[in-house]
Amino acid sequence: GRGLVWFRNDLRIQDNSALYHAGKRCEQLAAVFIACPDSWQSHNEGDALVAFRMACLHELQTQLQTRNIPLYFLQLSTFSQVPQALEQITRRLKIETVFANAEYPLNEQRRDHAVRDRLRENGVAAEYHSDRTLLPPGAVRTGAGEPYKVFTPFKRALIQLCAESEIKPLPVPRKKPLPKEGAHWPKWLALELEENKKLTQKIPEHLPHFAIDTAKSGIVKGWKSGEKAAQKRLKLFSERISGYQAERDFPALDSTSHLSPYLNCGAISIRQCMQMALNLNQGHWQSGNAGISCWISELIWRDFYTHLLVDFPHLSKGQPFKAETDQIPWRYDKDLFCRWSRGETGVPIVDAAMRQLNEIAWMHNRLRMVVASFLSKNLLIDWRWGERYFMQHLIDGDFASNNGGWQWTASTGTDAAPYFRVFNPYSQSQRFDPNGDFIRRYVPELDSLNNKEIHDPPSMANYPSVICDVGAGRKRAIEVFSNLK
Ligand code: FAD
Numbered sequence: 009g010r011g012l013v014w015f016r017n018d019l020r021i022q023d024n025s026a027l028y029h030a031g032k033r034c035e036q037l038a039a040v041f042i043a044c045p046d047s048w049q050s051h052n053e054g055d056a057l058v059a060f061r062m063a064c065l066h067e068l069q070t071q072l073q074t075r076n077i078p079l080y081f082l083q084l085s086t087f088s089q090v091p092q093a094l095e096q097i098t099r100r101l102k103i104e105t106v107f108a109n110a111e112y113p114l115n116e117q118r119r120d121h122a123v124r125d126r127l128r129e130n131g132v133a134a135e136y137h138s139d140r141t142l143l144p145p146g147a148v149r150t151g152a153g154e155p156y157k158v159f160t161p162f163k164r165a166l167i168q169l170c171a172e173s174e175i176k177p178l179p180v181p182r183k184k185p186l187p188k189e190g191a192h193w194p195k196w197l198a199l200e201l202e203e204n205k206k207l208t209q210k211i212p213e214h215l216p217h218f219a220i221d222t223a224k225s226g227i228v229k230g231w232k233s234g235e236k237a238a239q240k241r242l243k244l245f246s247e248r249i250s251g252y253q254a255e256r257d258f259p260a261l262d263s264t265s266h267l268s269p270y271l272n273c274g275a276i277s278i279r280q281c282m283q284m285a286l287n288l289n290q291g292h293w294q295s296g297n298a299g300i301s302c303w304i305s306e307l308i309w310r311d312f313y314t315h316l317l318v319d320f321p322h323l324s325k326g327q328p329f330k331a332e333t334d335q336i337p338w339r340y341d342k343d344l345f346c347r348w349s350r351g352e353t354g355v356p357i358v359d360a361a362m363r364q365l366n367e368i369a370w371m372h373n374r375l376r377m378v379v380a381s382f383l384s385k386n387l388l389i390d391w392r393w394g395e396r397y398f399m400q401h402l403i404d405g406d407f408a409s410n411n412g413g414w415q416w417t418a419s420t421g422t423d424a425a426p427y428f429r430v431f432n433p434y435s436q437s438q439r440f441d442p443n444g445d446f447i448r449r450y451v452p453e454l455d456s457l458n459n460k461e462i463h464d465p466p467s468m469a470n471y472p473s474v475i476c477d478v479g480a481g482r483k484r485a486i487e488v489f490s491n492l493k
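Residue numbers (full-length UniProt numbering): 9 to 493.
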């Protein structure tokens, strides 16, 4: 029969569960990608993220061609139009089964349920495969059958389950025979939807709301798109992974993998990453080389946050994980928020970090925690403002990890540590950027200062003075959190 692979954030041909199963079961395969720029925008996805996704989509189309699988493109506005569109596409292309990999934020889950129901009425099956995480959400449970709310026991349980079988990436499907005369895949199809939508094999250079012209977009230039580039990065990182634990917290060293944009649009799979790490570490998850086991642990954080989304749907509704923290008198000071977002707070490490985000659409993990703590604790500004800004600007924006990271830092989420942990941006700066190398890179006006002054500069003409009393902010945060108890 004929199958249709519906690609979303899984833009690769190797180790792709939906594509693999479709290839095994169907004689003929086509693929489709449906852009929904209005929905993407309402989820705060930004230019860098969408441009990178579209660039990866181009590469995917070329890869699929080598397997005789045409990739169609359709542009709608919102998720709500997808069921009707897929109904028409499957009817016109005589598809029996639609294959896709599951997505877990609430609106994506609702979209996929609606598609399944709609297609079923027409005798077409929709199959969603578990692919984005090491284990499917719901598979890791406490002895009492409950979801884990704390990372370390989650990690232990996940490792135990994973160790039962080998992690084996799936092969690319074999080349499909070209359809016989008279049964060719059409070059394009006019669909009967509002606004005369057309299914084409041409991926556009422009989309409403987003600057995706990748040639011009300097941000995306530094990130080579596609599956091959991702594999290359993984290989390069594997040569440095031993130093990961010792160096990962120093932003000037640039010693992390930079795989997050690829993992998030699916140009590389979590299993491919984990397999590389386990192979190098003789199959050990938690022992062996300290750099490797540390990296493995970071990859499991990604699973943890994605699993939480499915078990706690209120996370997708803008609510804190811990309900009581909604009583915190968050501040909504637009001016302070604007200074934070531009990297003009007068705290050099915070400013350098925010400028890194604004310049390359990515930020080092240590600094994500430092700036998130500064906004939500020292300034007591609603963490959701920060979460949104990150999502709008990160090339690796991922709802689960971003929401998880913000809630962890703001102490509204899952964290084993007590509420009064507030990062001190100055000591973080001295500890993790001791010579100010990172600060100098992004805040060049401080370059002339010595290694001591650079963390907390004297009054200067061309650099702002601190926008808040950092110590008093810390005290206030501790107070409002302790009032919750
Ligand atoms: P590496 O250190 O090489 O780690 C490898 C991979 O492990 C990463 O690519 C990522 O997939 C995963 N990972 C590592 N740390 C974490 C973590 N703390 N939580 C979840 N997954 C992790 N990550 C995103 O992918 N998208 C986001 O939108 C995002 N927002 C964040 C917001 C805040 C406030 C914080 C504190 C963290 C956020 N992270 C996010 C997690 C982390 O900062 C990035 O994954 C990491 O910096 C990406 O760089 P890398 O690929 O070089 O990571």
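Every residue gets a Cβ at the ideal spot worked out from N, C-alpha and C, and that includes glycine.
Query raised in the report: According to DSSP, which residues form a beta bridge with THR208?
Result: PHE81
**Report entry** ligand 1 heavy atom lying under 7 Å from the CB of LEU267
**Finding:** yes
Requested in this report: Give the DSSP-derived three-state secondary structure of PHE218 in the structure shown.
Outcome: strand
Query raised in the report: Under 8 Å, do CYS64 and ALA219 count as touching if we go by C-beta distance?
Result: no
Report task. Could you name the residues of the same chain whose beta carbon sits closer than 8 Å to that of LEU72, not counting the 5 residues immediately before and after it, in chain order? Result -> ILE21, ALA39, PRO78, LEU79
Query raised in the report: For GLU53, is the beta carbon positioned less than 7 Å from some heavy atom of ligand 1?
Result: no
Query raised in the report: How big is the Cα-Cα spacing for PRO216 and GLY54?
Result: 12 Å
Query - Proximity of PHE107 and TRP193 at Cβ, strictly below 8 Å - result: no
Query - ARG347 and ILE462 closer than 8 Å at C-beta - result: no
**Report entry** CB of VAL355 within 8 Å of CB of PRO433, strictly
**Finding:** yes
Query raised in the report: Does DSSP put THR150 in a helix, in a strand, or in coil?
Result: coil
Query raised in the report: To the nearest angstrom, how far is it from the Cα of PRO465 to the Cα of LEU383?
Result: 20 Å
Query raised in the report: Within the present structure, is the beta-carbon of ASN410 separated from the nearest heavy atom of ligand 1 by less than 7 Å?
Result: yes
Query raised in the report: Under the criterion of a Cβ to heavy atom distance below 7 Å, does ARG20 qualify as lining ligand 1?
Result: no
Report task. Say yes only if the C-beta of THR70 is nearer than 7 Å to one or more non-hydrogen atoms of ligand 1, and no if none qualify. Result -> no
Query raised in the report: What does a CB cutoff of less than 7 Å around ASN289 pick up in its chain, not counting 5 residues either side in sequence?
Result: GLY296, ASN297, ILE300, SER301
**Report entry** Near ligand 1: TYR313 beta-carbon under 7 Å from a heavy atom
**Finding:** yes
Query raised in the report: Are the CB atoms of TRP303 and ILE249 nearer to each other than 8 Å?
Result: yes
Query raised in the report: Taking C-beta to C-beta, are ARG310 and SER409 nearer than 8 Å?
Result: yes
Requested in this report: Starting from the Cα of GLU202, find the closest Cα among GLU453, ASP441, GLN438, VAL90 and give me that residue.
Outcome: VAL90
**Report entry** Cβ pair count under 8 Å reaching 3, the region 433-445 against the region 358-378
**Finding:** yes
**Report entry** Reduced DSSP category for ILE42 - H, G, I as helix; E, B as strand; rest coil
**Finding:** strand
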